[in-house]
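Be aware that the sequence shown starts at -4, since it is given in our numbering, and climbs by one per residue.
Using N, Cα and C, we set each Cβ at its ideal position, and we do this for glycine too.
Only a predicted model underlies this, so the values are computations on that prediction, with no experimental measurement involved.
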Amino acid sequence: MMEMLSRLSETFGPSGWEGEVRELIGRMISFPAEKRVDTLGNLIVHKPGKGKKLLLAAHMDEVGLMVREIDNNGFIRFSLLGKVVTTTLPGSKVRFQDGTGGVVGYEHTNNHSSKPDVNKLYIDIGMDSKGVEKKIKVGDVAVFDTQFRRNGDRIFGKAFDDRVGCYILIRLINEITNSPWDCYFVFTVQEEVGLRGGRTAGYGIEPDCAISVDVTGSGDTPKGEEVPMKLGGGVAIKIRDSRMISTSLIRNRLVEIAEMKKVKYQYEVIERGTTDGAAIQLIRSGVLTGAVSIPTRYIHTGCEVCDIQDIVAATYLLKGFLEREL
């Protein structure tokens, strides 16, 4: 489990550059299922069944920093790819796809704002402009450079949003052998920049039901978000987020299974953030859609934190859902 999570977390894969993650996931899937990559880059794994179509989605992409300019002194100005938390950026280590490492710096001013202006931030890779231009070009993307760590039941690393969801889907593909559902496991692209992969995959598959597997914020840190979820509280069954109200039929079935199998769970109610489920729910004439989430601290920063037992609970809950149709 830890080796898979570590490799998924540390692999380079910002929105639009998910190829390395997609290849890694393909190698991790041991069950001889049908795999294909669609036009946008989603990896779709089909395990046929005689029942209704069920789409399970987890996104491969992570947030990043896109180069927009290299100044005369070799400092790299960037724009945000996804909703990066800018307050934690100064001092963060980052790396580009070729392995070039750097650190995020900032222009010193007398106005120490709690939210840095991204136009005042830059990446320093320790070279002058000529050296930088030999390695980096406008449009290249850097991601956080964070080594995966474990401390008891807590894991620390980058891109748990949503490599944790990808891990859960891989486990389900490899371990579920006789589900009555006609299952489509979709590892989506470009979720962080507009739920794009989920929308196109859902349109092509035309599922009867869908479940998004993603992370959610936690409210268990000092002066943290005012949300009910906490690490170690179990898998979060979504009721609503900023763009989706879970279909009651799916939500209630998930709760029923959790109660029956004694899976530790909590309810998710948030007013900010959403998942691929919001896009899939509105495909064509509508899709019965729910979501399960892993409570996570410090989402979209250089180091996110999850609880292993919440991941285990989510996996077990979804196995139960796949055992029988609605």
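Ranked by Cα distance from Leu313, the options Arg292, Leu167, Ser243, Gly229 are led by Leu167. Inclusion of Leu50 and Gly197 in the CB contact set at 8 angstroms is warranted, their separation being smaller than that value. Unbroken beta strand (DSSP E) stretches of 3 residues or longer found wholly inside the segment 247 to 306: 260 to 264, 283 to 291, 299 to 302, given in chain order. Pairing Ser243 with Phe70, the inter-Cα distance amounts to about 51 angstroms. Per the C-alpha coordinates, the member of Met(-3), Tyr162, Thr291, Gln304 positioned closest to Gln142 is Met(-3). For the pair Lys30 and Thr310, the Cα-to-Cα distance works out to about 21 angstroms. The alpha-carbon of Asp156 is positioned some 11 angstroms away from that of Tyr162.
Taking a cut-off of 8 angstroms on C-beta distances, the segment 248 to 261 does not touch the segment 33 to 51, as fewer than three cross pairs fall below it. Judged by their CB atoms, Thr211 and Ile265 are nearer to each other than the 8 angstroms cut-off.
One alpha carbon belongs to His54, the other to Val89, and they sit about 21 angstroms apart. Your pair Gly86 and Asp140 does not check out as a contact, with CB atoms roughly 12 angstroms apart and the cut at 8 angstroms.
For Ala274, same chain residues with a beta-carbon under 6 angstroms away, outside a window of 5 residues either side, are Leu190, Gly193, Arg194 in chain order.
DSSP, reduced to helix, strand and coil, places Leu317 within a helical segment of the structure shown. Contact between the segment 113 to 124 and the segment 21 to 39 is absent, with fewer than three C-beta pairs closer than 8 angstroms. Assignment of beta-bridge partners to Phe91 by DSSP yields Ala137. In terms of Cα proximity to Leu164, the closest of Val307, Lys153, Glu15 is Val307. For Arg238, no beta strand (DSSP E) run applies, since DSSP gives it neither H nor E. The segment 10 to 20 makes no contact with the segment 169 to 178, as fewer than three CB pairs between them are under 8 angstroms.
A direct Cα-Cα distance of roughly 24 angstroms separates Gln276 from Ser213. Spatial neighbours of Ile200 in its own chain (CB-CB distance under 8 angstroms, excluding positions within 5 residues in sequence) are listed in chain order as Ile39, Lys48, Leu50, Tyr179, Val181.
Using a 10 angstroms sphere on the CB of Asp66, the tally of other CB atoms stays under 16, which defines it as exposed. Annotation: the continuous alpha helix (DSSP H) that includes Thr195 extends over 191 to 200.
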